[in-house]
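Per the UniProt record's numbering, the sequence shown starts with residue 1, numbered consecutively.
Worksheet for the structure shown next.
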Amino acid sequence: MPIFDRESGIGMTTNKKARVEALRQRLTKVQAKIDKEEAKERAAALATIHALMDEHSLTIADVRQPARKRIAANPKVAAKRKVEAKYRDPATGKTWSGRGLAPLWIRDKKRERFLIAE
């Protein structure tokens, strides 16, 4: 006796092959509907594109033109510059420019003591 499956809307039979075949047929119908809808969407998109091209007097060559490339930063300017040392550890002679994370020898201390005289 066939059983009705509410989710798929397919009458279930005791034969598994028949159920699988019924699902495949349903899948084929659904895929055909999807293809038809996608074709409608593509046609609408093309109509919009053609209208915009006509409105702005654009040709295919205009559309195919590559987008402007970004201007690369000047490598000489972009390269890191060496900065003169601003602070010196009197105990070890190590120096620090004052940029970045402070070294342990100056951290939590008054920096005026470590300034390098110009």
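Quick reminder that beta carbons are idealized off the backbone N, C-alpha and C, glycines included.
None of these values were measured; they are calculated from a predicted model.
Next on the checklist: Quick check: the Cα distance between Asp-35 and Gly-100, rounded to an integer number of angstroms?
Outcome noted: 59 Å
Next on the checklist: Once DSSP output is grouped into helix, strand and coil, what is the label at Leu-115?
Outcome noted: strand
Next on the checklist: Let me make sure I understand the geometry here. Which of Lys-110, Ala-18, Ile-106 has the alpha-carbon closest to that of Asp-89?
Outcome noted: Comparing Cα positions, the closest option is Ile-106.
Checklist entry - Helix, strand or coil: which one does DSSP assign to Arg-88? => result strand
Item to check | For His-50, the first and last residue of its enclosing alpha helix (DSSP H) | outcome: 16-55
Item to check | Cα-Cα separation, Ile-49 to Val-83 | outcome: If you take the alpha carbons of Ile-49 and Val-83, they lie about 55 Å apart.
Checklist entry - Thinking C-beta only, is Lys-86 closer than 9 Å to Leu-115? => result yes
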